[in-house]
DNA sequence: CCATGGGCATCAGCATCACTTATGCGGAGT
DNA sequence: ACTCCGCATAAGTGATGCTGATGCCCATGG
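Protein chains in written order, with our numbering: chain A, 3 to 305; chain B, 3 to 305.
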């Protein structure tokens, strides 16, 4: 059986690694275990390299390489299909907005309200997701518009993978702040250096704008070793962990200042900003374009 | 016949649009015309939309959308295959460097010479290609290392599509200059504004760093209408066209100054630089890494 | 040490499907 | 109106991707 590197094969390859099992992947995909085994064998024959170790199932180096491509390929396939499916733009006024947690600012909410009154928008939905899922939703048309936030140097863009024809635009830029529990010794300072806090106790919140590995990347350090992990998009919960002295967190300043039991101190060094970017596909729906136009543009002058 | 959106179908779809003909695409792919017709029919059935107008063959809106994804998908598939194929890194010391025209600076040549003497490199090859082809060669392992050049704002990266796990790094940043024929009235000026030249006669050289649509993009104008088109990577030829007063060209200043019959005048406004970026995959060959290390890093301080 | 069981590989059989060849059909040019 | 060119369609066939059954390997437990 010799088939070329095909979509199905990649899909089962990814599924096998997700489930760490041929048989579980098979039932998840609606195949028999035999079929999955043959898929992997075909891929390995085609690429001329062993991709998986079995028992236990784990990627070989070649398999690891393939995993750097396969999910992106499958996502882009879905994006292509979605791009075409949403072409007949005659759908009723319906709008889905995907947001990462700290991206849903008052300005965005106001824009949505304006649009709602202005166009009698039938049905609007806001989905709060982790950052990568936002891009995924926009690409696959599960959302018409996306807002992702993250930290970056003042003039750098957010590091978003480019998996299709999308347009991004900065929607907001805010100072980054470290959250301290109210009585913390550093909480009285006017500003802090992140690099002074690499050895402190931090909370890793990989579904928010500031996962610790991002901080490590922008600070070029190995520090910020996590003590607690927070999953999900609930920032109030995250702040309450910090208030309980479980570890530090970083969030945009205006937002950070709203949490009870928290003192937010701006980050002075390195020069970082919390940036929110608006994402839509190259061909947004009419409603998406309207909402995008209502969301205020970040003014360069204010930076 | 109902098959999902598969690699083959996308490949023939792209081929049909390239050849603007079902039958020519068929023979190019080694299929019969009938097979191609069935492929397109299957794709259209799967996506639920007509993709091509026939007689003459042209993309529908949906087909245009698909063309925004399909070539990138196919390239990334090849990139994945290449990434795995080059894993057994025990290949002999052999190095292929893909360069866009103005990226092959003296510093690069020197680095290559150093590597050659230092490691008795058996076989080195330098390929001069248009910018997009460089990325393509690096992704598909036709080249171990790539150098692309282009114009951008001083702190912006070059707009390279991200089609796989690659690493880029700025290798050089040079002022941008406009080339005038020796006796040209503006040739005596110390600097020029690009925006004053939108109505001038230009040469469009889409295979070099400064295609006119890029200039239009960075200047946010509709000007720079081409009078002559230059294809290929031969910059001396391009400069000679300008020397013959066929139209203006923009190139990095140090390079531009070397052409006979040409006066190069730096661009003052908008603030632009000619930047050269070094590209390799996330897992470069040993030789590629060595050469990359030998190519001087652009010093931020000098900007 | 052997017995047991879970899990991937392999084999044979079969229904499906993607190709080819041959023919149909519609529009543009003479 | 005839003809040619080029895409669509039909029928047939060899290839192939699936299933179910079985084999084999390794880990675990007695």
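A virtual CB, placed ideally from N, CA and C, is assigned to each residue, including glycine. Model, not experiment: these values are computed from the prediction.
When B:226, B:243, B:44, B:225 are compared, the shortest CA-CA separation from residue 232 of chain B is found for B:243. Using a Cβ-Cβ cut-off of 8 angstroms, residue 167 of chain B counts as an interface residue toward chain A, since at least one Cβ of chain A sits closer than that to its own. Taking 8 angstroms as the CB threshold, residue 154 of chain A stays off the interface with chain B.
Contact check for residue 205 of chain B against residue 237 of chain B fails: the beta carbons are separated by 8 angstroms or more. Look at residue 298 of chain A here: in three-state DSSP terms it is coil, with no helix or strand label. For residue 81 of chain B, at least one C-beta of chain A is nearer than 8 angstroms to its own C-beta. For residue 127 of chain A, the enclosing beta strand (DSSP E) stretches over residues 125-130. Contact annotation: the stretch 73-84 of chain A does not touch the stretch 272-282 of chain A, with fewer than three C-beta pairs closer than 8 angstroms. Between residue 179 of chain A and residue 240 of chain A, the CB-CB gap reaches or exceeds 8 angstroms.
Cα atoms of residue 57 of chain B and residue 47 of chain B: separation of roughly 20 angstroms, rounded to the nearest angstrom. Taking the CA atoms as reference points, residue 170 of chain A sits about 14 angstroms from residue 134 of chain A. Collapsing the DSSP output to three states places residue 60 of chain B in a strand. For the pair residue 298 of chain B and residue 146 of chain B, the CB atoms are not nearer than the 8 angstroms cut-off. Using beta-carbon distances, residue 70 of chain B counts as an interface residue toward chain A, with a partner under 8 angstroms. Listed along chain A is no residue with a C-beta nearer than 8 angstroms to that of residue 236 of chain B; the closest approach is about 31 angstroms. Per the DSSP secondary-structure output, residue 151 of chain B pairs in a beta bridge with B:278. Not one beta carbon of chain B lies nearer than 8 angstroms to the beta carbon of residue 146 of chain A.
Boundaries of the beta strand (DSSP E) harbouring residue 171 of chain A: 168-183, taken from the DSSP string. Excluding residues up to 5 positions away in sequence, 15, 42, 45, 46, 61, 62, 64, 65, 68 lie with their Cβ nearer than 8 angstroms to the Cβ of residue 53 of chain B in the same chain. The contact set of residue 171 of chain A on chain B, defined by CB atoms closer than 7 angstroms, is empty, because the minimum CB distance reaches about 14 angstroms. Counting only residues of its own chain and dropping the five nearest sequence neighbours on each side, residue 228 of chain A has a CB closer than 6 angstroms to the CB of 204, 206, 214. Shown here is that no member of the stretch 101-131 of chain A has a Cβ falling below 8 angstroms from a Cβ of chain B. With contact defined as three or more Cβ pairs closer than 8 angstroms, the stretch 93-108 of chain B and the stretch 189-205 of chain B are not in contact. The DSSP-derived three-state label of residue 206 of chain B is strand.
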